[in-house]
Amino acid sequence: MSSRHEEAHAALWPRYGMTVEDGDRTPLDLVALFGREMPVVLEIGFGMGDATAAMAAADPGRGYLGVEVHTPGIGNLLALSRDLGLTNVRVACGDAMQLVHRIAPATLDAVHVFFPDPWPKARHHKRRLIQPGNVTLLRERLRPGGVFHCATDWPEYAVAMAETLDADPGLRRLAAMPHGRPETKFERRGAVAGRPISDLRYERS
1 MSSRHEEAHA ALWPRYGMTV EDGDRTPLDL VALFGREMPV VLEIGFGMGD
51 ATAAMAAADP GRGYLGVEVH TPGIGNLLAL SRDLGLTNVR VACGDAMQLV
101 HRIAPATLDA VHVFFPDPWP KARHHKRRLI QPGNVTLLRE RLRPGGVFHC
151 ATDWPEYAVA MAETLDADPG LRRLAAMPHG RPETKFERRG AVAGRPISDL
201 RYERS
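Note that full-length UniProt numbering has the sequence shown beginning at 1, numbered continuously upward.
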């Protein structure tokens with residue numbers, strides 16, 4: 001991490017960060033985590049956190065809980081939160097699905113999965129995040145009417161995502177986004193490489 005990221009991590013982690021321990025099933029109290037009752041968005045794999053910070057700044061009435069394993073990204077999101085004066089961002093370090101198990105059903109306002117690792121080789125497809133079992137767990141954590149939003153710049157993965165999400169009986173596909181979302185670092189890379197961007201939005205029934 002850069003010195004800026006290290007300083008932000010040291011100053012803000014005790015208040016805004018949490019470590020996800022393997023096997024921990026202690027229920028996560030979202031009201032206690034954010035210090036007040038508010039709708040919560042779970043973002044899995046926020047990368048460098050630029051898009052997360054932009055969304056949180058534009059949407060102060062919702063809490064943004066981001067989970068990531070990349071420590072420079074964690075440091076950057078904490079630094080951005082400090083610089084922008086954000087109080088509605090919390091950062092978790094560790095395995096995303098371990099964290100999901102700790103969240104009570106029907107409590108999340110939205111789940112964001114933007115540009116996850118596509119694991120392009122066929123033998124690695126089992127490592128992809130958007131799998132039926134994971135989708136079931138994530139959908140169950142959404143409140144009725146909550147939104148499951150995925151994005152990828154990998155066409156084959158977009159097809160696989162759509163097939164998996166379409167097959168879930170508790171999700172209904174939504175039309176195109178009513179407004180844009182902040183661009184991520186991985187999205188910019190994909191665009192430079194000429195790959196199309198696919199956004200998939202679903203609502204929990």
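Ideal placement from N, C-alpha and C gives every residue a C-beta, glycine not left out.
Cβ neighbour criterion (16 or more within 10 Å) applied to residue i
i, result
"S3", "exposed"
"L84", "exposed"
"H112", "buried"
"M55", "buried"
"T71", "exposed"
"G31", "First, the residue type needs correcting, since residue 31 is Val and not Gly in the sequence shown. Looking at its Cβ environment, which holds fewer than 16 other Cβ atoms inside 10 Å, V31 is exposed."
Nearest-angstrom Cβ-Cβ length linking residue i and residue j, presumed shorter than 8 Å
i, j, result
"A191", "H149", "About 19 Å; that fails the 8 Å criterion."
"A8", "A79", "4 Å"
"I44", "A96", "4 Å"
"Q131", "T152", "Their Cβ separation, rounded to whole angstroms, is 14 Å, which puts Q131 and T152 out of contact at 8 Å."
"D50", "P155", "Not confirmed; about 24 Å, so no contact."
Close-in-space but distant-in-sequence residues of the same chain around residue i (CB under 6 Å, 5 per side omitted)
i, result
"G63", "F34, M38, V40 and N88"
"R195", "D153"
7 Å Cβ shell around residue i - same chain, five flanking residues per side excluded
i, result
"R25", "H101 and R102"
For residue i, three-class secondary structure by DSSP
i, result
"G73", "helix"
"R201", "strand"
"T152", "strand"
"M55", "helix"
"V20", "coil"
"R141", "helix"
"R4", "helix"
"G190", "helix"
"A43", "Here the sequence assigns Glu to residue 43, which means Ala is not the residue at that position. Strand."
"D109", "strand"
Straight-line gap, residue i to residue j (C-alpha atoms, nearest Å)
i, j, result
"P105", "H124", "29 Å"
"A176", "D166", "15 Å"
"D29", "L174", "30 Å"
"D59", "P116", "23 Å"
"G23", "W13", "22 Å"
Check: residue i C-beta below 7 Å from any heavy atom of the ligand MG
i, result
"C93", "Of the ligands one can find in the structure shown there are none, so the ligand MG has no counterpart to examine."
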